[in-house]
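Going down the list, the sequences are from chains A and B. With the first letter of the first sequence counted as 1, position 434 gets the number 434 in our numbering; the numbers rise by one all the way through. For any residue, its number in our numbering is found by taking its place in the second sequence, counting from 1, and adding 1000. Beta carbons are placed, not taken as given, at the ideal position from N, Cα and C, and that holds for glycine. Read through the structure below, which is laid out as structure tokens, and then see the notes.
There are 2 protein chains.
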Amino acid sequence: MTDISPSDNNVRQFGQNGIIQPLLTDLYQITMAYAYWKSGKTEDHAVFDLFFRKNPFQGEFTIFAGLEECLKFLGKFRYSKSDIEYLKEILPPSTEEEFFHFLSTLTAKDVKLYAMAEGSVAFPKVPLMRIEGPLTIVQLIETTLLTLVNYASLMATNAARYRIAAGNLMLLEFGLRRAQGPDGGLSASKYSYIGGFDGTSNVLAGKLFNIPVKGTHAHAYITSFNGFSELKNTHLQPKNGGKPRDLLKLALFWKEELLIMFKVAASEANEGELAALISFAIAFPSGFMALVDTYEVQRSGLLNFCIVALALNDLGYRATGIRLDSGDLSYLSNVARHYFTEISKKYDIPWFANLLIMASNDINEETIVSLNEQGHKINCFGIGTHLVTCQRQPALGCVYKMVELNGYPRIKLSQEVFKVTMPGSKDVYRLYSESGHALVDLVQRYVEPPPNVDEKILCRHPFEESKRAYVKPARIEKLLVLYWEDGRIVKTLPSLQEIKEKVTSSLKTLRPDIKRNLNPTPYKVAVSDDLYHFIHDQWLKNAPIGELS
Amino acid sequence: MTDISPSDNNVRQFGQNGIIQPLLTDLYQITMAYAYWKSGKTEDHAVFDLFFRKNPFQGEFTIFAGLEECLKFLGKFRYSKSDIEYLKEILPPSTEEEFFHFLSTLTAKDVKLYAMAEGSVAFPKVPLMRIEGPLTIVQLIETTLLTLVNYASLMATNAARYRIAAGNLMLLEFGLRRAQGPDGGLSASKYSYIGGFDGTSNVLAGKLFNIPVKGTHAHAYITSFNGFSELKNTHLQPKNGGKPRDLLKLALFWKEELLIMFKVAASEANEGELAALISFAIAFPSGFMALVDTYEVQRSGLLNFCIVALALNDLGYRATGIRLDSGDLSYLSNVARHYFTEISKKYDIPWFANLLIMASNDINEETIVSLNEQGHKINCFGIGTHLVTCQRQPALGCVYKMVELNGYPRIKLSQEVFKVTMPGSKDVYRLYSESGHALVDLVQRYVEPPPNVDEKILCRHPFEESKRAYVKPARIEKLLVLYWEDGRIVKTLPSLQEIKEKVTSSLKTLRPDIKRNLNPTPYKVAVSDDLYHFIHDQWLKNAPIGELS
């Protein structure tokens, strides 16, 4: 395996994908902007909440991600000349010229954006962001913000779940080829790293985000060799210098040894495969890692790997391990570990017993849980399709709802209670126990005084009158913090590494039963007594009167 | 609805997303490239097939898409200086300098790419593309080609399935906010249009690809109005000119009429909603379209829409229709159609009966099939999450396998028979019946003479000896055509519109039972007798000998 941690002086580059621009939006944002403009409402002061209604993957937590991308989008929000020309083409001829002038000068300078820290655990109905400012601009950024938060958060959450299932094993993201579009792949690499993965196969993600990049070789490399005659060069210099020695000759010696040791017939171990592995070892003598399932694992690939690893060892190089890409992963990993242990003992090479076993065949969260139960000997999972497409639930349903206009609360009703929005500008506090566990997220009206540590605080279910309890927190965290004001980022942004650490520390505050794979306990989200009454007053005021009589 | 068909002289712009570049690949492609280079195999002549093994969505067909993007990628394939610098950082220090020089001069000029026409129906195991050229470059483009074909084809297939389910109804893609990354959204808009959709809400997709863009307004627009007092201007000029008239006054007249006609109490119809719709109608008097479920459909939204549509009619404007975004879509569409028909009759406004009813709440293919059975009155579906994330199966499993090297066949074996590759360079012919239906895709060895019309052709199952039949085709189509040679595109590429038409015409050649939603019949994929024996010879030659004894 070519293990690659980019050097620290490789400054993290933060270019944003060029397609993230003001026109990456739904047309109705533009038509609404015109209607607002025609109605003289452009400068009305609006407050919107961005939140989701349900945790993904039948779980009870979500990781909030995508904030930095949203802020960069705000920073560069401006319609280009060609954007305006295109909009003139597609809006009705009756659209007034003055409106296009208005659009062409529009920026996000009057927007205020409050958000949770990127990498925080988050819960249904609690605003991830509160966005305030003139109605039109705040409306116009809706779709793009949702696009940037939805998949980023879904991906980070998915990765965090794999991390929980896999414990301390190494996790690598291998999904680029199956991702939903090139940027789906790039975002997957970034947000799976944040969520808890150790690296990616995606080279561009490594270059842009300074994420460790990993990779071995494909089946094609193995099938490209037929036999030893294709090896143009078989010599390799020992690690500590000196005269190059013939790796093929050493390998053939070890082949004799291992065929006897593991009772394999010479004809069973594919010769082209051995030739391919020797050539690969000559190119990458340190950290040699081999894919072993091209022909057959036990009697060909695994054996050929051990042969080459022992030959390399003669020259002072340590191999890294193998990758299994098909078959019964639990069984094969045990066979491989058996080979490694036996060789380690017989030839007194202690590190050989600990060679890395990577598995990469169609792994998902359930597979890992099931492999854990079977007692596998895998050290590392390479995960593609299921991770990057979030197969179990490929979309997070974040929404963006107006909650206040010119100081007046706004509510969106629905026949489905869980779709009713919480009106008014709000703040969110996370209350912690003495032991450091998060107890409840408390949503309050913006005008209420913040809750105090060591005081009894009434926490209510937003919609069920009887569900309420007093909580006496040992620590209180204000979750929504100002990130954008006066046209610029007003808070120092964490590095990708710091966001990754935030995910870990934030998840640590959740009780294990909230995070478990099967039947997790829901985390509590509550409203203050004041907000409870406010919601229900607004609901009554706005409900169709026929329905209440 | 703001119906937007970009003008014909708006030349289609074909910029490619900047992140599509040679480093958007898996690291192992680069490490293999180095190992090939070290082994002197860089210029070996390789042939790879790009294909999938299973149709998505439990269906029996797939639409091939993404070709143009692949060709553009080949056209710009070249490592930048900073790419090379990054690769030097991440590859082991022992990597020879000369290799980086080799990489820095590498282009796709010696690659040949054969492919099916973009928009064709395609089937498992049949190569969508055959890529030939020097081993290293042909290997290095694997991941990017897969990324560009996998999601594009999945998306186009998904869209085509919605089109089949929806018959002639209008289909609009509304998925940007839920897509997997910004480019996931943009690709979804493009490939769902190709696959059979009529338009998108995504403005950037409209600008870049000349796709019709559609949109109305969000719930936020409705909730931003409390009452008539917020209407700064209520006057609108009649369509055919003349003095502006008071739309509010006209609306209040019609409100009186309709409250009586539909037995609704004045208090039931939300006044803020009516104010919002009046303001929207003043901004977009032609093609007025309203979202009607913000408070309640039947007694508020629908009524308010009819009021404004009748007021607009007094000024000579025709409304377009309504959008339903929640509730029982079949029932509500019938209620709406009833309102429209009654009004049409009573006030003798024939077009009113035919107002458009759009539904956009969490629609998927199954919902459409079920709504069809219930007898809905919907004219148009706006489809988001399920369409763009391909929820039912979010990845297509295209693979890229070496089949020949320096004229020698290569085979990838597997304990799962369906994963065994078909070795050697191959051609594909689609055989048609007299009636124009596709009968079978016949895969042959490249060296075989093409099949002839009106001759009996033996078509064999690739792996089951007993499955074979003679076919006498009335027409034969050679599917793999040369698109890239000598560093350039050598075939005129179709426009997006032509690709869209290709999808339609290609699907028409399939029997209906192959395309149906429930238990479709598999389409036949066969190999020639020569290829059959060739596969099995190669299989025997490469199988581990222990297994055969």
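Taking every protein chain shown into account, the CB of B/Gly1384 has 16 or more other CB atoms within 10 angstroms, so this residue is buried. At a cut-off of 8 Å, the C-beta of B/Ser1080 has no neighbouring C-beta in chain A. By the neighbour-count criterion, in which a residue is buried when 16 or more other Cβ atoms sit within 10 angstroms of its Cβ, B/Arg1430 is buried. Segment contact: the segment 1343-1363 of chain B against the segment 1295-1304 of chain B, fewer than three CB-CB distances shorter than 8 Å; contact not assigned. Within the same chain, no Cβ atom closer than 7 Å to the Cβ of B/Thr1492 is found once the five residues on either side in sequence are excluded. Burial of B/Phe1280 is indicated by the presence of at least 16 other C-beta atoms within 10 angstroms of its C-beta.
For B/Thr1042, same chain residues with a beta-carbon under 7 Å away, outside a window of 5 residues either side, are Tyr1036, Pro1134, Leu1135 and Thr1136 in chain order.
The beta carbons of B/Leu1310 and B/Ile1357 sit no closer together than 8 Å. Of the residues B/Glu1434, B/Ile1457, B/Gly1436 and B/Asp1198, the one whose Cα lies closest to the Cα of B/Leu1442 is B/Ile1457.
The Cβ atoms of B/Phe1099 and B/Tyr1034 sit closer than 8 Å to each other. Residue pairing by DSSP leaves A/Phe57 without any beta bridge partner.
Within the same chain, Leu1067, Met1129 and Tyr1483 come within 6 Å of B/Ala1115 by CB-CB distance, once the 5 residues on both sides are set aside. One Cα belongs to A/Leu248, the other to A/Thr320, and the distance between them is close to 19 Å. Within the segment 403-415 of chain A, Leu405, Tyr408, Arg410, Ile411, Lys412, Leu413, Ser414 and Gln415 place their CB atoms closer than 8 Å to a CB of chain B, listed in sequence order.
Per DSSP, B/Asp1537 has no beta-bridge partner at all.
Burial state of A/Asn452 is exposed, judged by a 10 Å Cβ sphere holding fewer than 16 other Cβ atoms. For B/Lys1401, the three-state secondary structure derived from DSSP is strand. Neighbours of B/Arg1178 in chain A, taken as residues whose beta carbon is under 9 Å from its own, are Leu146, Thr147, Asn150, Tyr151, Pro394, Ala395, Leu396, Gly397 and Cys398 in chain order. Neighbours of B/Lys1456 in chain A, taken as residues whose beta carbon is under 7 Å from its own, are absent, since the nearest beta carbon is some 35 Å off. Per DSSP, the unbroken beta strand (DSSP E) holding A/Lys426 starts and ends at Lys426 to Tyr432.
For A/Leu387 against B/Ile1019, the beta-carbon gap comes to about 19 Å, at or over 8 Å, which does not count as contact.
Sixteen is the threshold: since fewer than 16 other Cβ atoms of the shown chains lie within 10 Å of the Cβ of A/Gln58, the residue is exposed. Excluding five sequence positions before and after A/Ala179, the CB atoms of its chain that fall closer than 6 Å to its own CB belong to Gly185, Ala188 and Val388, given in chain order. Around B/Asp1427, no beta-carbon contact reaches into chain A at under 9 Å, the shortest distance being about 21 Å.
Nearest CB-CB separation between A/Met32 and chain B: below the 8 Å threshold. Across the segment 134-145 of chain A, CB contacts with chain B closer than 7 Å involve Leu135, Gln139 and Thr143, in sequence order along the chain.
Just so you know, the alpha carbons of B/Ser1435 and B/Thr1421 end up roughly 33 Å apart.
For B/Ser1495, no CB of chain A lies under 8 Å from its own CB, so it is not counted at the interface with that chain. Beta-bridge annotation (DSSP): A/Glu173 is paired with A/Thr200 and A/Ile383. If you draw a straight line from the Cα of A/Phe209 to the Cα of A/Leu496, it comes to about 8 Å. Look at the segment 1362-1393 of chain B: the residues with a C-beta under 9 Å from a C-beta of chain A are Gly1384, Thr1385, His1386, Val1388, Thr1389, Cys1390, Gln1391 and Gln1393.
According to DSSP, residue pairing for A/Phe48 in a beta bridge involves A/Ile131 and A/Met402. Nearest to B/Leu1106 by alpha-carbon distance, out of B/Leu1140, B/Ser1094 and B/Ile1222, is B/Leu1140. Chain-ordered listing is empty here: chain A has no CB closer than 7 Å to the CB of B/Asn1168, the nearest sitting near 23 Å. Secondary-structure assignment with DSSP links B/Thr1421 through no beta bridge to anything. Counting of Cβ neighbours within 10 angstroms places A/Leu148 among the buried residues, the total reaching 16 or more.
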